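Our numbering puts the sequence shown at residues 202 to 349.
Below is one structure, written out as structure tokens, with a few remarks after it.
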Amino acid sequence: MKASFAKVPTPLELELHQEGRRLTPQRKKVLDLFQRIGGGKHLSAEDIHGKLIQSKSRVSLATVYRTLRLLVKMGFLHELELSEGGHRFELLSQDHPDHHHLVCVNCGRTEEFESDQVVLAGKEAADKQGFKLLESTLNVRGLCPDCI
Ligand SMILES: [Zn+2]
Ligand SMILES: [Zn+2]
Numbered sequence: 202m203k204a205s206f207a208k209v210p211t212p213l214e215l216e217l218h219q220e221g222r223r224l225t226p227q228r229k230k231v232l233d234l235f236q237r238i239g240g241g242k243h244l245s246a247e248d249i250h251g252k253l254i255q256s257k258s259r260v261s262l263a264t265v266y267r268t269l270r271l272l273v274k275m276g277f278l279h280e281l282e283l284s285e286g287g288h289r290f291e292l293l294s295q296d297h298p299d300h301h302h303l304v305c306v307n308c309g310r311t312e313e314f315e316s317d318q319v320v321l322a323g324k325e326a327a328d329k330q331g332f333k334l335l336e337s338t339l340n341v342r343g344l345c346p347d348c349i
């Protein structure tokens with residue numbers, strides 16, 4: 202049985218209500234890239250930068266970082282912290298709801314898994330403290346078989 206959540210506004214709905222945070226062409230380009238690639242892919246800023254350069258976009262890595270951070274804040278992307286300084290980004294979408302990550306801190310290999318127990322534990326903790334639950338995810342860090 203899946204845990205049920207109160208309806209939260211979709212990122213797009215939220216975005217439409219936030220003045221001054223419109224999707225500039227640059228932001229839209231990055232978001233389009235994620236949408237083309239689809240959910241369940243975990244990309245680094247360098248990956249995104251490389252793909253933008255391939256599609257003839259002249260953009261600096263620093264700008265890509267800024268854009269990614271902003272898209273995370275706006276609720277379009279989810280940021281995963283791998284290890285010291287390593288970050289991956291993925292599309293937040295309704296077709297790919299709450300899932301958890303098993304991350305190799307050495308090579309960055311990222312596997313997804315689902316666990317209703319984790320989702321429920323988050324829901325219980327939130328209920329107990331009177332929090333409105335937005336997300337309940339677990340990041341597990343370790344070493345993959347190739348890196349042990
Ligand atoms: Zn994921
Ligand atoms: Zn590894």
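Think of the CB as a built atom: it goes at the ideal place given N, C-alpha and C, for glycine as much as any other residue.
What you are looking at is a predicted structure, and each value in this text was computed from that prediction instead of being measured.
- [ ] Would you identify the three-state DSSP class for Met202, choosing helix, strand or coil?
- [x] For the purposes of this step, residue 202 is taken as the residue at position 1 of the sequence shown. Reliability of the predicted coordinates at Met202 is poor, the pLDDT of 42 falling under 50, and no value is obtained from them.
Task: Nearest to Lys230 (by Cα), restricted to the options Gln330, Gln318, Glu315 and Gln255 - done: For this step, residue 230 is matched to residue 29 along the sequence shown. Looking from the CA of Lys230, the closest CA among Gln330, Gln318, Glu315 and Gln255 belongs to Gln255.
Task: Residue nearest to Thr338 in terms of C-alpha spacing, selected from Gly331, Glu313, Phe332 and Cys348 - done: Translated into the one-based positions of the sequence shown, residue 338 becomes position 137. Looking at Gly331, Glu313, Phe332 and Cys348, the one whose alpha-carbon comes closest to that of Thr338 is Glu313.
Open item on the list: Using a Cβ distance threshold of 8 angstroms, determine whether the region 233 to 246 contacts the region 274 to 293, with at least three qualifying pairs required.
Closed with: Touching, yes.
TODO: Decide if Cys348 is buried, meaning its Cβ has at least 16 other Cβ atoms within 10 Å, or exposed.
DONE: Translated into positions along the sequence shown, residue 348 becomes position 147. Per the 10 Å Cβ criterion, exposed.
Open item on the list: Helix, strand or coil, according to DSSP, for Gly243 in the structure here?
Closed with: As a working note, residue 243 is residue 42 in the sequence shown. Per the sequence presented here, residue 243 reads as His, with Gly not at that position. In this structure, His243 counts as coil in the three-state DSSP scheme.
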